[in-house]
Amino acid sequence: MIIENKKLEFLIKNQKLTSTPLYSYNNEVCNFLGDLSKKLDDKKINQDFPDVKALSFWCRKANIENLKRKSTSNEIRLGLGIIFHITPSNIPTNFMYSLIFGLLTGNSNIVKVPSKNFKQIDFICKKINELLKKKYKSLNKRICIVRYKDNDELTKSISAQCNARLIWGGDKTINAIRKIDLNPRALELTFSDRYSLCVIDTKNLNNKDECSRLVEKFYNDTFVVDQNACSSPQLILWHGNKNKKIQEKFWILLAELVSKKYSPPETSVIEKYNQLCANIISLKNINSYKIYKNLVYTIALNSLGKDTSKLRGKWGYFYEFNIKNLEELKKTVNTKFQTLSYYGLSKDHMENFFRNSNLEGIDRVVPIGQALDINLLWDGYDLNKILSRIIDIK
Amino acid sequence: MKNINFKNFEPFSLSKKEKSFFFFNEIKKLTKHHYANSKEYKKILNFTNKKNDFKHLDEIPFLPIYLFKEYELMSISKDKVFKTLNSSGTSGQKKSKIFLDSTNAQSQQLVLSKILTNIIGSRRLPMLIVDKNPKNFSKSELSAKSAAINGFSIFGRDHLYLLNEKSEIDYLNLNIFLEKYADKSFLIFGFTSIVFKNLFSDIKLKKIKNNFRNGILMHGGGWKKIENIKVSSFEYKKKLFNKLKLKHIYNYYGLVEQTGSIFIECKYCNYLTTSVFSEIIIRDKYLNVAKNGKKGFIQVMSLLPTSYPGHSILTEDIGEIISKGNCICSKYSTRFKVHGRLPLSEVRGCSDI
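Protein chains in written order, with our numbering: chain A, 60 to 453; chain B, 6 to 358.
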């Protein structure tokens, strides 16, 4: 592949990417990621950018080895060739996960990062460059990172040369890029805007310490990304017998934690109030609302409708509803639903439900606290398999 | 409801105590009126349980300005709508829609005239408008802008639009205007940033034959555009004085959602002031009343809105109430300062890409 254009800014400049694939979990690639993890573990940067810290932790040697172990089988798997990654504009480190998935599955990668300058991205690319220049020259022809503003010509030229295209973005972005042709055999995978929720059974939450621990985990799933990640819960389903006291305690503890740790932008104050007034006027199934320290807004619903996935908040604006059992999900879940995080129910319980419920949506079911943990199993796809080619020998 | 006869009130005639008594009573009546006549307003008050029994002005409910963009809020039947005002807004943003019946439109005009008369006198003065003739506005240029120009225009006579169709200064006509009127009081009106660009940055002194010594400048519409070049209200005045000898300069703060009851700068202390018809409250990040001298969101109140529930609005502007020092105006007015619009916030996460 040859990439040329004056409007293009190279963060990792390798204009000639190879389409020769590697076998999945190639040693050189795994070592590279382990070394990158060490390089990213920079005290000062980690203080300012917890997302870089999380990335460093994610690609540490132990985790990569763990992934490798899980994926190993007797199958012969090779990369597809060159993957074109188009990454979302407002999560600075997302491009790295996309790149790592491409590398681990044996591919060469051209990654388009957000056009807005993020310090995290510059820092990460600097570290990658250091490794590629010295220890990992052999991987040079497998990584290229570029930045450009919407430019159909460039997207066209790269799309025409790649074997797979991954698009992370909103519906509009995806639809626009989809109009640009790929090679007949090339594959496209889109990670569109999704909706997430959580379910909490209160029976063990009488204990204040237990409740505080849960609140902390819930905080990490939500406020760390302004409640605006696809997998951050928007709706809280209280499972089992209604216990108003505990529900209330949960929100109070959350608001306390938020007031200590979180500093939302000033506009969030106005936006949450806007949304409340708008909800009061137009939301048919609104039952009541409560505001905790003006940081956490909760809107209690009196039914779950078909358009639940439109009920979204930011910066601490949640919808809640009491359900007797998970069966009630069937009324409301559609293809928009991604992550269901849970507490107070067993993994068996969840498995049993999902084996028998034929839901249109929900492809991740994780304990509360792990909603944002990204993995090669994402949006219902096993990227280990999708981004590689199996050779069938009989 | 029975309207206040605005004719009977002068904008700065009541002492603070008298005013607060009068104002609180009237705003309570307005709240009741809108509760009875706007179903959206009623829903919100019912839901938030703020229907009546208000003991203090700050308990009067406030609607966020956003609602006027999202909904068609009115307290009259649709067939009574006499005029619709739209707010300015950059492309892509939704605009406020304000529905006036003829009574409300009249009271806006009356009150605006009362407030302006206080400054420019009741005689109509020759008027220089620092803009293009609204006739020449393109569709994308904002209707709020032309509404403001037209609204203010009736307080002057012999109008000259400073800019031609290409938005350049029309020196020929400017000189004719100045020759005729510059030795006596004349009125200048324009938007804060456009005035600054044309009368300070662009104007060529060599090309004009008179100065602006007798001009009275009224400007409003926000500092946002010139904030980028960091000009304070004080410097703004100083620069215009040094350049054009223009010394009578009044900034006003007003929203299309409360047209008429504008807040105008006091000529002595240079702070914005409330009139008998208006009040402001500053709210902190908890939406509680902020202490005087602390910055917060500006809530504006006006006795004028009768045809739409806009008598108490939470804006997205940041301001502070001035409590330090005394001025003649502090006898009658709440004095305040506007720090500008909230910046658009950056949000993390993957939605809204």
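Positions of the beta carbon are idealized from the N, C-alpha and C atoms, including for glycine.
Quantities reported herein were computed from a predicted structural model and do not represent experimental measurements.
Proximity below 7 Å, CB of residue i to CB of residue j
i, j, result
"N115 of chain B", "S190 of chain B", "Residue identity check: residue 115 of chain B is Leu in the sequence provided, not Asn. No."
"V274 of chain A", "L316 of chain A", "yes"
"I145 of chain A", "A223 of chain A", "no"
"A430 of chain A", "D211 of chain A", "no"
"L190 of chain A", "D285 of chain A", "no"
"Y29 of chain A", "V258 of chain A", "As shown, chain A starts at 60 and ends at 453. That puts residue 29 of chain A outside it, with no answer to give."
"E45 of chain B", "Y76 of chain B", "yes"
"N293 of chain B", "S328 of chain B", "no"
"P241 of chain A", "S218 of chain A", "Note on identity: in this sequence residue 241 of chain A is Leu, with Pro being the wrong assignment. Their beta carbons are under 7 Å apart, which means L241 of chain A touches S218 of chain A by this criterion."
"Y351 of chain A", "A314 of chain A", "yes"
"I221 of chain B", "L192 of chain B", "yes"
"Y332 of chain A", "P69 of chain B", "yes"
"Y255 of chain B", "E240 of chain B", "no"
"W227 of chain A", "P323 of chain A", "no"
"K137 of chain B", "Y166 of chain B", "yes"
"G265 of chain B", "I287 of chain B", "no"
"S101 of chain B", "E262 of chain B", "yes"
"G138 of chain A", "L198 of chain A", "no"
"N344 of chain A", "L370 of chain A", "no"
"F177 of chain A", "P151 of chain A", "yes"
Where residue i meets chain A, residues with beta-carbon distance less than 8 Å
i, result
"E321 of chain B", "T326, I329"
"K48 of chain B", "I339, I340"
"L5 of chain B", "The requested residue 5 of chain B is not part of the displayed model; chain B covers only 6 to 358."
"L167 of chain B", "The premise fails here: L167 of chain B is roughly 36 Å from chain A at the closest Cβ pair, so nothing lies under 8 Å."
"L359 of chain B", "Summary: the structure shown does not reach residue 359 of chain B, with chain B confined to residues 6 through 358, and so no result is reported for it."
Sequence-distant residues of its chain with Cβ nearer than 6 Å to residue i (five each side left out)
i, result
"P426 of chain A", "none"
"N109 of chain B", "T311, S312"
"K2 of chain B", "With chain B covering 6 to 358 only, the question about residue 2 of chain B has no answer from this structure."
"D357 of chain B", "At D357 of chain B the pLDDT is 41, less than 50, meaning the model places this residue with poor confidence and gives no usable figure here."
"M60 of chain A", "L76, I141, Q220"
"T214 of chain A", "I239"
"I449 of chain A", "E134, R136"
"S78 of chain A", "G140, I141"
"S327 of chain A", "W374"
"L35 of chain B", "H316"
Buried versus exposed call for residue i [16 or more other C-beta atoms within 10 Å across all chains shown]
i, result
"A121 of chain A", "exposed"
"P348 of chain B", "exposed"
"L177 of chain B", "exposed"
"L435 of chain A", "buried"
"I154 of chain B", "buried"
"E321 of chain B", "buried"
"D252 of chain A", "buried"
"I452 of chain A", "exposed"
"Y273 of chain B", "exposed"
"D131 of chain A", "Here residue 131 of chain A is Thr; the residue named in the question, Asp, does not match the sequence. By the neighbour-count rule (16 or more Cβ atoms within 10 Å), T131 of chain A is not buried but exposed."
"K186 of chain A", "buried"
"L210 of chain B", "exposed"
"Y291 of chain B", "exposed"
Chain-ordered neighbours of residue i on chain A, where CB pairs are closer than 7 Å
i, result
"E45 of chain B", "I340"
"E75 of chain B", "A337"
"F52 of chain B", "I339"
"L277 of chain B", "Within 7 Å Cβ-Cβ: nothing; L277 of chain B doesn't reach chain A, min ~21 Å."
8 Å Cβ shell around residue i - same chain, five flanking residues per side excluded
i, result
"D207 of chain B", "I174"
"I421 of chain A", "L388, V392, F396, Q397, T398, L399, F413"
"K336 of chain B", "S20, K21"
Interface residues of chain A facing residue i [CB-CB closer than 9 Å]
i, result
"L260 of chain B", "Within chain A, no residue comes near L260 of chain B; the closest Cβ sits about 15 Å away, beyond 9 Å."
"F302 of chain B", "E325, V328, I329"
Under 8 Å by beta carbon: chain B residues contacting residue i
i, result
"Y332 of chain A", "P69, L292, L319"
Contact set for residue i: own chain, Cβ-Cβ below 7 Å, skip 5 residues either direction
i, result
"K262 of chain A", "G299, G403"
"I9 of chain B", "E31, L308"
Interface residues of chain B facing residue i [CB-CB closer than 9 Å]
i, result
"N222 of chain A", "Result: empty, since nearest Cβ-Cβ is about 25 Å, beyond 9 Å."
"N105 of chain A", "Those do not exist, as N105 of chain A stays about 17 Å from chain B at its closest Cβ, beyond 9 Å."
"N279 of chain A", "Simply none; closest approach about 13 Å."
"N234 of chain A", "Chain B residues near N234 of chain A: none, gap ~12 Å exceeds 9 Å."
Amino acids of chain B, ordered along the chain, whose beta-carbon sits closer than 7 Å to that of residue i
i, result
"N64 of chain A", "The premise fails here: N64 of chain A is roughly 23 Å from chain B at the closest Cβ pair, so nothing lies under 7 Å."
"N25 of chain A", "What is shown of chain A runs 60 to 453, which leaves residue 25 of chain A out entirely."
* To do: Pair every Cβ in the segment 18-30 of chain B with every Cβ in the segment 316-325 of chain A, then say whether three or more of these pairs are closer than 8 Å.
  => no
* Asked: Would you say the segment 71-84 of chain A touches the segment 183-200 of chain A, given that touching needs at least three Cβ pairs under 8 Å?
  -> yes
* On the three-pair Cβ rule with 8 Å, is the segment 78-90 of chain B touching the segment 242-254 of chain B? -> no
* Cβ pair count under 8 Å reaching 3, the segment 302-314 of chain A against the segment 435-451 of chain A -> Of all C-beta pairs linking the segment 302-314 of chain A to the segment 435-451 of chain A, fewer than three are shorter than 8 Å, placing the two stretches out of contact.
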